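336 is the number that the UniProt record's numbering gives to position 336 of the sequence shown; each next residue is one higher, with no gaps.
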Amino acid sequence: MFCPKLFWGATMTRLREGKLEDVYGRLRKMSFLVLAACFAICSIVSAHADDDDRGRGGESRAYAIGLWGDLPYSDLQAQVGVPNLIADMNDQKLAFTVHDGDLKAGSGTPGSVTPTTCSDALYQQGLGYFNALKSAAMVTPGDNDWTDCDRPANGSFNSRDRLDHERKVFFSTDYSLGQRPIKQQVQHDKLCLDHNNQLTGCVENRRWIMKGVVYATLNIQGSCNNRCDTLPDDAEWAARNNANILWMQQTFEMARTYRAAAIMFISQADPGWDQSDGTRAPLRDPKTLAQTDANPDGFQAFLVALRDEVVAFGKPVAYVHGDSHYFRIDRPFLDAKGRRLENFVRVETFGDNQANGNNDVHWLKVFVDDRSREVFAFQPQIVPANRTAVPAPPKRGDD
């Protein structure tokens, strides 16, 4: 063990004896020991700093995100409601936001002054919204953005062409949108079909990890996932469905590799989970997940694969979607024996209700903390400027 008193006593004795080389050697040894001690102390301090970052309630680990979608659906929502919503999001500290698809209503509105068909102007309007957000901004396509663009009321566009256009406008790089973009993993593998019937990357499918939680978007659509409505496209659906299943499974694999605390998926379609939701989602047998009506089923294979992964993962899984225009947070997913999957939560964002103007132009704030048991905590954000039935009370100090 190093003793400074003995070290300096022996050094002074050698100095009086004229043994300078020995003295220089001992001083070099002293310098090395001092540096080593400093390094050790710094390492200990650094380790404790990391522990503090993860401990004492995990304050520095927690953050908030914003979820929205199925907006705007009218001129009023496009010109007033959504700008109010974006301003409300920007007033709060958010790590990122995600729009879960549908940049417009299902059919164009004659005489509208904002884009309501699938013209290029629609996507430029959406890009302006996303880049007006101060945080990173993510989006996943919606059926009103591409699968339903073949409707005459939407301009009779080629649906695949509109998806290709979205890929160029929103997904041309490996970074998100927004004023603080973040880099993402992208499904570049050529598994999807483009408008020329050639295989192309499914670049709208994105994945990122933040403080112990994995997030992923999936291009899953209403209109039977492009298997019904105006011009069904089974070939396009089959390719994209396989790509979505693979991306979802790889997301669980990534979460296991990184020992993530939870996963959140974001897509557009409400695929239907059981026999109780007859609003707009397909009804299905909750045990087999088979659809019980006569429409083509664009979701069963994905849901079966998802259920297997949710059960095997065991940790919290949140599945965010829009489509049905009914804000809710519930646990509708059952296992093959009819038992509720306790680690799965379905989240449907606000949206639509264009008949009542900005009545549903709101968003959902999610508090995320990988040290908490459920990881996700949800808080609806009713935008004060968009309150329609009951106007917002004056702020404190303004009355």
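Yeah, the Cβ is synthetic: ideal placement off N, Cα and C, and Gly gets one too.
This one's a predicted model, so the numbers in the text were calculated from it and none came from an experiment.
Compare the C-alpha of residue i against each of the options and name the closest.
i: S267; options: Y63, D70, I65; result: D70
i: F252; options: A336, S107, T114, A305; result: A305
i: E236; options: S119, L193, T257, S276; result: L193
i: F313; options: E348, M264, D285, G357; result: M264
i: A239; options: R227, L231, Q250; result: R227
i: R307; options: P296, R328, I245; result: I245
i: I182; options: N196, G222, I209; result: I209
i: V139; options: N154, A153, Y123; result: Y123
i: K365; options: F327, N205, A260; result: F327
i: Q125; options: V169, F157, L94; result: V169
i: V321; options: A301, A290, W273; result: The question names Val, but residue 321 is His in the sequence shown. Of A301, A290, W273, the residue nearest in Cα terms is W273.
i: Q185; options: L191, P141, T288, R206; result: R206
i: F344; options: G357, I329, Q79; result: I329
i: N196; options: H165, N219, T173; result: H165
i: S223; options: Y319, A216, P232, Q291; result: P232
i: W247; options: Q381, K190, W363, G142; result: K190
i: F96; options: S107, P110, Y175, V113; result: Y175
Rounded to whole angstroms, how far is the Cβ of residue i from the Cβ of residue j, which I believe are closer than 8 Å?
i: D102; j: D145; result: 7 Å
i: N131; j: G178; result: 6 Å
i: F350; j: D360; result: 5 Å
i: L163; j: H362; result: 28 Å between Cβ atoms; not a contact.
Assuming residue i is part of the beta strand (DSSP E), what are its boundary residues?
i: E348; result: 344 to 348
i: A64; result: 63 to 68
i: C192; result: 190 to 193
i: G201; result: 199 to 201
i: A290; result: Per DSSP, A290 belongs to no beta strand (DSSP E) and is neither H nor E.
i: V320; result: 317 to 321
i: H99; result: 96 to 99
i: V375; result: No beta strand (DSSP E) holds V375; DSSP gives it neither H nor E.
i: Y215; result: 213 to 217
i: R206; result: 206 to 210
List the endpoints of the continuous alpha helix (DSSP H) containing residue i.
i: D234; result: 234 to 257
i: L122; result: 120 to 131
i: S223; result: 222 to 226
Mapping DSSP to helix, strand and coil, what is residue i?
i: L306; result: helix
i: D88; result: helix
i: D143; result: helix
i: Y24; result: Low local confidence applies: a pLDDT of 41 at Y24 is under 50, so the model's placement there is unreliable, and no value is given.
i: R396; result: coil
i: K168; result: helix
i: R160; result: helix
i: Y73; result: coil
i: P296; result: coil
i: A389; result: coil
i: V368; result: strand
i: D174; result: coil
i: Q79; result: helix
i: residue 461; result: Outside the displayed range of the chain (1 to 399) lies residue 461, so it cannot be described from this structure.
i: D148; result: helix
i: V113; result: coil
i: V186; result: strand
i: F313; result: helix
i: A261; result: coil
i: A153; result: helix
i: A355; result: helix
i: A269; result: coil
Can you find the residues in the same chain that come closer than 7 Å, C-beta to C-beta, to residue i, ignoring five residues on each side of it along the sequence?
i: K211; result: R61, Y63, D370
i: R293; result: Sequence check: residue 293 is Asp here, not Arg. For D293, where only same-chain residues beyond five positions count, the Cβ hits under 7 Å are P282, L283.
i: R167; result: V203, E204
i: P384; result: A392
i: H188; result: G201, V203
i: G106; result: N144, D148
Counting only the same chain and skipping the five closest in sequence on each side, list residues whose C-beta sits under 6 Å from that of residue i.
i: N90; result: K134
i: S159; result: W146, T147, C149, D150
i: R180; result: S135, A136
i: T230; result: D150, R151
i: A153; result: S107, G108
Leaving aside the five residues before and after residue i along the sequence, list all residues of the same chain whose C-beta is less than 8 Å from its C-beta, in chain order.
i: S324; result: D270, D277, T279, R280, A281, E348
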